[in-house]
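Student: This structure is in structure tokens; I'll ask about it shortly.
There are 2 protein chains.
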Amino acid sequence: MPSVTQAVEDYLKAIWRLSHEGGERVSVGDIASELKVSAPSVTSMVRKLKSMRLLNYERYGGVTLTPRGRKIALEIVRHHRLWELYLYMRLGVPLELVDGEAERLEHVLSDDMEELLTRNLGDPTHDPHGDPIPSKTGALAPVEGIALGQLETGTHAVVARVSDRNPEKLRYLVSLGLLPGARIEVEEKAPFRGPLTVRIGGRRHVVGADLANLVIVRGAPQASRSPGARRGPGVPPRSGKLRGKRR
Amino acid sequence: MPSVTQAVEDYLKAIWRLSHEGGERVSVGDIASELKVSAPSVTSMVRKLKSMRLLNYERYGGVTLTPRGRKIALEIVRHHRLWELYLYMRLGVPLELVDGEAERLEHVLSDDMEELLTRNLGDPTHDPHGDPIPSKTGALAPVEGIALGQLETGTHAVVARVSDRNPEKLRYLVSLGLLPGARIEVEEKAPFRGPLTVRIGGRRHVVGADLANLVIVRGAPQASRSPGARRGPGVPPRSGKLRGKRR
DNA sequence: CTGAAAAGTTAGCCATATCTAATACTGCGT
DNA sequence: ACGCAGTATTAGATATGGCTAACTTTTCAG
Numbered sequence: 002m003p004s005v006t007q008a009v010e011d012y013l014k015a016i017w018r019l020s021h022e023g024g025e026r027v028s029v030g031d032i033a034s035e036l037k038v039s040a041p042s043v044t045s046m047v048r049k050l051k052s053m054r055l056l057n058y059e060r061y062g063g064v065t066l067t068p069r070g071r072k073i074a075l076e077i078v079r080h081h082r083l084w085e086l087y088l089y090m091r092l093g094v095p096l097e098l099v100d101g102e103a104e105r106l107e108h109v110l111s112d113d114m115e116e117l118l119t120r121n122l123g124d125p126t127h128d129p130h131g132d133p134i135p136s137k138t139g140a141l142a143p144v145e146g147i148a149l150g151q152l153e154t155g156t157h158a159v160v161a162r163v164s165d166r167n168p169e170k171l172r173y174l175v176s177l178g179l180l181p182g183a184r185i186e187v188e189e190k191a192p193f194r195g196p197l198t199v200r201i202g203g204r205r206h207v208v209g210a211d212l213a214n215l216v217i218v219r220g221a222p223q224a225s226r227s228p229g230a231r232r233g234p235g236v237p238p239r240s241g242k243l244r245g246k247r248r
Numbered sequence: 002m003p004s005v006t007q008a009v010e011d012y013l014k015a016i017w018r019l020s021h022e023g024g025e026r027v028s029v030g031d032i033a034s035e036l037k038v039s040a041p042s043v044t045s046m047v048r049k050l051k052s053m054r055l056l057n058y059e060r061y062g063g064v065t066l067t068p069r070g071r072k073i074a075l076e077i078v079r080h081h082r083l084w085e086l087y088l089y090m091r092l093g094v095p096l097e098l099v100d101g102e103a104e105r106l107e108h109v110l111s112d113d114m115e116e117l118l119t120r121n122l123g124d125p126t127h128d129p130h131g132d133p134i135p136s137k138t139g140a141l142a143p144v145e146g147i148a149l150g151q152l153e154t155g156t157h158a159v160v161a162r163v164s165d166r167n168p169e170k171l172r173y174l175v176s177l178g179l180l181p182g183a184r185i186e187v188e189e190k191a192p193f194r195g196p197l198t199v200r201i202g203g204r205r206h207v208v209g210a211d212l213a214n215l216v217i218v219r220g221a222p223q224a225s226r227s228p229g230a231r232r233g234p235g236v237p238p239r240s241g242k243l244r245g246k247r248r
């Protein structure tokens, strides 16, 4: 029987992601665009994954993960997010690059190494973008909070999560200081999905609606801190950061 | 034209290693056993590598690396040894496991990450087994010293390098304290490739000839330190080491 | 309710990297 | 100088994963 290759891991992760964000049931086309492969490639891989009992699938019927498939997917997500946090915290990889690096490293993490990373980071719960790290048993904390674009004028909040899907945009958001843990205040919100004027760490910035919706925030901590609340992964790195000449 | 896949990297590294240790010219059979693949697999890959101008090859004539091939090989070796040192120093991966982990990580190291690792480790020159780390330009320091098995009774020496080819044996050598930087004295050497009695850090051990020849030593530092001499990669890890329950 | 657009599948092909079995070379010992 | 043992190559097959082109099914708009 076929084994869990890197391609298998990529498909399971993609399907998990899509079903996590969209609905339970995932279409062939969505998988194809997520992985940037053709639809026929997806069909054939999905047949294979079904034969491995990692997902449910009927012709023209979309797919859902089985518990076994979800378990593997969450393992990869765990690897990915552990590496992201490690690279950010210990090696000073810039936030907008950690996703790309972790994309390759996630497939290369033995159990021993995973344990060492986990310990080294002090049993972390969230990656540097604010996404929860699945536990070894597959438990996943929910992402609480609402999109920055939904806030009304005058609201205070703390950034809980910043989407990492687009490195360009993330890079820009980071340059504004909009990263997990940042305290912000909406000074003005234009109507009709208009841009927001946001105060971030003393400076004022105007942020378009699309960008603002990549940022998830939670109520400001001036209100009673909700139990289990946390503000970002901590300070970035102490040393070793890429600085100076960058070939 | 074909690209530099992981398989290509593995072949180039193997060929480099064989030509580094044995002669310039490497046979198909040696490559096959080094990589644990069949001889026909090697023949076909070698034809491909020739078409990529990474090595010279004539039917029945063995192979030698071209400068381009050697450059890629040394890049992989550099990645491998950087990861080994990083894992050992910063994550506390046991010495006998770093080779295996680095075997997978070596193929996954971007230029940015390589630079961060290098800086974090302070521009290191040797990996934790005592092997030199090729410079970014491909320069490689020679391994100086002689095999422990060659020493005469009464000689003092410092371990310069311990072979990592066999994790079992390495594990044992480590348990004796025979790792780079250790000061030793040969108390007795039995004739005819016989075992050695060696004093290591206060304790006395008997080491068979085969094992002893995996250890390369240099003159003891009581003599004037030769310029550029170094003693091991430094202390292992400070924290985060695998300890306690190991599932 | 129907037909065209969208989505999905099948068919057939390509590239990579392996393998076994059969064949061809090389070189060494006598 | 010759044959044989060892080494290497060719032939042909397999497995994985991806693609395009052609066809089928589903869905949705009118």
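Top line first, the protein sequences correspond to chains B and Y.
When the first sequence is numbered by this note's numbering, its final residue is 248 and no position is left out of the sequence of numbers.
When the second sequence is numbered by this note's numbering, its final residue is 248 and no position is left out of the sequence of numbers.
Backbone N, C-alpha and C fix where the C-beta goes; we use that ideal spot for every residue, glycine too.
Would you identify the three-state DSSP class for residue 188 of chain B, choosing helix, strand or coil?
Tutor: Residue 188 of chain B: strand per DSSP, three-state reduction.
Student: What span of residues does the alpha helix (DSSP H) with residue 121 of chain Y cover, start to end?
Tutor: Residues 112-121.
Student: On the DSSP bridge list, what partners appear for residue 220 of chain B?
Tutor: Bridge partners of residue 220 of chain B: B:158.
Student: What does residue 105 of chain B reach in chain Y if we use C-beta pairs closer than 7 Å?
Tutor: Going along chain Y in sequence order, the residues near residue 105 of chain B (Cβ under 7 Å) are 109.
Student: Taking residue 102 of chain B as the query, report the chain Y residues whose CB atoms sit under 7 Å from its CB, ordered along the chain.
Tutor: Neighbours of residue 102 of chain B on chain Y, chain order: 111 and 114.
Student: Short check: CB of residue 163 of chain B to CB of residue 130 of chain B, under 9 Å?
Tutor: Their beta carbons are under 9 Å apart, which means residue 163 of chain B touches residue 130 of chain B by this criterion.
Student: From the beta carbon of residue 78 of chain B, is the nearest beta carbon of chain Y less than 9 Å away?
Tutor: False, the Cβ-Cβ gap to chain Y never drops below 9 Å.
Student: Pick from B:152, B:9 and B:80: whose alpha carbon is nearest that of residue 132 of chain B?
Tutor: Here the closest residue by C-alpha is B:80.
Student: Can you pull the chain Y residues whose beta carbon is under 8 Å from the beta carbon of residue 167 of chain B, in chain order?
Tutor: None at all; the shortest Cβ gap to chain Y is about 19 Å.
Student: Mind listing the chain Y neighbours of residue 214 of chain B? Cutoff is C-beta to C-beta under 8 Å, in chain order.
Tutor: Residues of chain Y passing the Cβ test: none, with the nearest at roughly 29 Å.
Student: Pull up the distance between the alpha-carbon of residue 169 of chain B and that of residue 178 of chain B, whole angstroms please.
Tutor: Using only the alpha carbons, I get a separation of about 15 Å.
Student: Distance, Cα to Cα, residue 103 of chain Y vs residue 41 of chain Y?
Tutor: Going by the C-alpha atoms only, they are around 28 Å apart.
Student: Quick check on DSSP: helix, strand or coil for residue 41 of chain Y?
Tutor: Helix.
Student: Where are the alpha helix (DSSP H) runs, 4 residues long or more, that stay fully inside the region 52-101 of chain Y, in chain order?
Tutor: With a minimum length of 4 residues, the continuous alpha helix (DSSP H) runs that stay inside the region 52-101 of chain Y are 68-91.
Student: At the level of alpha carbons, what is the spacing between residue 225 of chain Y and residue 3 of chain Y?
Tutor: The predicted model places residue 225 of chain Y with a pLDDT of 42, which falls under 50 and marks its position as unreliable; any figure quoted below should be read in that light. Cα-Cα distance, rounded: 52 Å.
Student: For the beta strand (DSSP E) that contains residue 200 of chain B, what are its first and last residues?
Tutor: From DSSP, the beta strand (DSSP E) with residue 200 of chain B extends over 197-201.
Student: Let's see if you can read the secondary structure: which residues bound the beta strand (DSSP E) around residue 9 of chain B?
Tutor: Unbroken run through residue 9 of chain B is the alpha helix (DSSP H), 7-22; no beta strand (DSSP E).
Student: Which residue or residues does DSSP assign as beta-bridge partners of residue 133 of chain Y?
Tutor: BP columns for residue 133 of chain Y point to Y:127.
Student: I'd like the list of long-range same chain contacts for residue 210 of chain Y, defined as Cβ closer than 8 Å, with 5 residues on each side in sequence excluded.
Tutor: Here the set comprises 150, 194, 195, 196 and 197.
Student: For chain Y, find out if any of its Cβ atoms is closer than 9 Å to the Cβ of residue 139 of chain B; answer yes or no.
Tutor: No, because no Cβ of chain Y sits closer than 9 Å to the Cβ of residue 139 of chain B.
Student: Taking DSSP as the reference, what is the three-state secondary structure of residue 166 of chain B?
Tutor: Three-state DSSP puts residue 166 of chain B in coil, outside helix and strand.
Student: Tell me where the alpha helix (DSSP H) around residue 109 of chain B begins and ends.
Tutor: No alpha helix (DSSP H) holds residue 109 of chain B; DSSP gives it neither H nor E.
Student: Spatial neighbours of residue 173 of chain Y within its chain, please: C-beta separation below 8 Å, excluding the five flanking residues on both sides.
Tutor: Taken in chain order, the residues that qualify are 212.
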